[in-house]
Amino acid sequence: DTAVSQTPKYLVTQMGNDKSIKCEQNLGHDTMYWYKQDSKKFLKIMFSYNNKELIINETVPNRFSPKSPDKAHLNLHINSLELGDSAVYFCASSDQGSGNTIYFGEGSWLTVV
Amino acid sequence: AQSVTQPDIHITVSEGASLELRCNYSYGATPYLFWYVQSPGQGLQLLLKYFSGDTLVQGIKGFEAEFKRSQSSFNLRKPSVHWSDAAEYFCAVGSKAAGNKLTFGGGTRVLVKP
């Protein structure tokens, strides 16, 4: 079983559309994250949730809205997609109580055309 | 604020040769340090981590890294590379004080020559 799984893996969509990426972790972790990797491979955190509460919200356009229905899920919804949103989005999770090693999902390749 | 620098954008090594990837970090207290590997089209896999204790840490796939506080470095090494080690390698720093977020370096792409 994949520890951190995200869907879809690939997504091609038109500008202006709204799309969601789903993430689930079966590690029993209490913290989940979204990271963005741009075309230059640079990785940067977007959001972090601990026990369903938002704890990190980096400078991200408000078109991006994370939602955590429970500790095991953190979904990313993006409104009014723009060309610059094309990137790889990684979900990740960790357990703050036991060393905080962060485990990443396989990534979701988003292409906006 | 924490930051990470990986000075080498690309490194080419021959199969069987040794490999060392450099990582320098900036952080006021003792950081958590990580190395991740990303194969083409794949996600990030944790190679090894340092939280405290022994400054030489062993990881998966034969990799090791050494934490040197005096040099603010956490260089990754492998004695003998395999063709399958061709990938992008990322050093990262984290801390509880920063809300456990990871700050990544820009990555080093490793190419392996036959």
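Going down the list, the sequences are from chains A and B. Heads up: take any position in the first sequence, counting from 1, add 23, and you land on our numbering. Heads up: take any position in the second sequence, counting from 1, add 507, and you land on our numbering. A virtual CB, placed ideally from N, CA and C, is assigned to each residue, including glycine.
Report task. Reducing DSSP to helix, strand and coil, say where D592(B) ends up. Result -> Locating residue 592(B) in the second sequence gives position 85, where the first residue counts as 1. Residue state, collapsed to three classes: helix.
Query raised in the report: Identify the residues that DSSP records as bridge partners of T54(A): which are they?
Result: For the purposes of this step, residue 54(A) is identified with residue 31 of the first sequence, where counting begins at 1. Per DSSP, N73(A) and S117(A).
Report task. Pull out every residue of the segment 46 to 66 of chain A whose Cβ sits closer than 7 Å to any Cβ of chain B, in chain order. Result -> T54, K64, F65 and L66
Query - From S546(B), Q509(B) and G523(B), residue whose alpha carbon lies closest to that of F597(B) - result: Locating residue 597(B) in the second sequence gives position 90, counting from the first residue. The candidate whose alpha carbon is nearest that of F597(B) is S546(B).
Query raised in the report: For K94(A), is the beta carbon positioned less than 8 Å from some heavy atom of the ligand COA?
Result: The ligand COA is not among the ligands present in this structure, which contains no ligands whatsoever.
Query raised in the report: Shorter than 9 Å from the beta carbon of T124(A) to some beta carbon of chain B?
Result: As a working note, residue 124(A) is residue 101 in the first sequence. Closer than 9 Å: yes.
Requested in this report: In the DSSP assignment, find the unbroken beta strand (DSSP E) run with N545(B) in it and report its ends.
Outcome: Here residue 545(B) corresponds to residue number 38 of the second sequence, with the count starting at 1. For the record, residue 545(B) in the displayed sequence is Gln; it is not Asn. Note, Q545(B): beta strand (DSSP E), Y539 to Q545.
Requested in this report: List the residues of chain A that K550(B) touches, going by C-beta distances under 7 Å, in chain order.
Outcome: Residue numbering aside, residue 550(B) sits at position 43 when the second sequence is read from its first letter. For clarity, residue 550(B) is Gly in the given sequence; the question names Lys instead. Residues of chain A passing the Cβ test: F113, F127, G128, E129 and G130.
Query - Rounded straight-line distance, which links the Cα of V588(B) to that of G550(B) - result: Your numbering for residue 550(B) matches position 43 in the second sequence. Your numbering for residue 588(B) matches position 81 in the second sequence. Distance between the alpha carbons of G550(B) and V588(B): 21 Å.
Query - Three-state class that DSSP yields for L526(B) in the structure shown - result: Here residue 526(B) corresponds to residue number 19 of the second sequence, with the count starting at 1. In the structure shown, L526(B) sits in a strand (DSSP, three-state: E or B).
Report task. Evaluate the contact criterion for the segment 573 to 582 of chain B versus the segment 121 to 132 of chain A: three or more CB pairs, one atom per stretch, below 8 Å. Result -> no
**Report entry** the segment 42 to 56 of chain A contacting the segment 95 to 115 of chain A, beta-carbon criterion three pairs below 8 Å
**Finding:** yes
Query raised in the report: What is the rounded straight-line gap between the Cα of E527(B) and the Cα of N582(B)?
Result: As a first step, residue 527(B) is located in the second sequence; it is residue number 20 there, counting from the start. As a first step, residue 582(B) is located in the second sequence; it is residue number 75 there, counting from the start. When rounded, the distance between both Cα atoms is 7 Å.
**Report entry** Length of the line joining the Cα atoms of G568(B) and G39(A)
**Finding:** Counted from its first residue, the second sequence places residue 568(B) at position 61. Counted from its first residue, the first sequence places residue 39(A) at position 16. In the sequence on display, residue 568(B) carries Lys and not Gly. Taking the straight line from one Cα to the other gives about 43 Å.
Query raised in the report: Taking the beta strand (DSSP E) that R616(B) falls in, what are its first and last residues?
Result: Counting from 1 along the second sequence, the entry for residue 616(B) is found at position 109. Looking at the DSSP string, the run of the beta strand (DSSP E) that includes R616(B) is T615 to K620.
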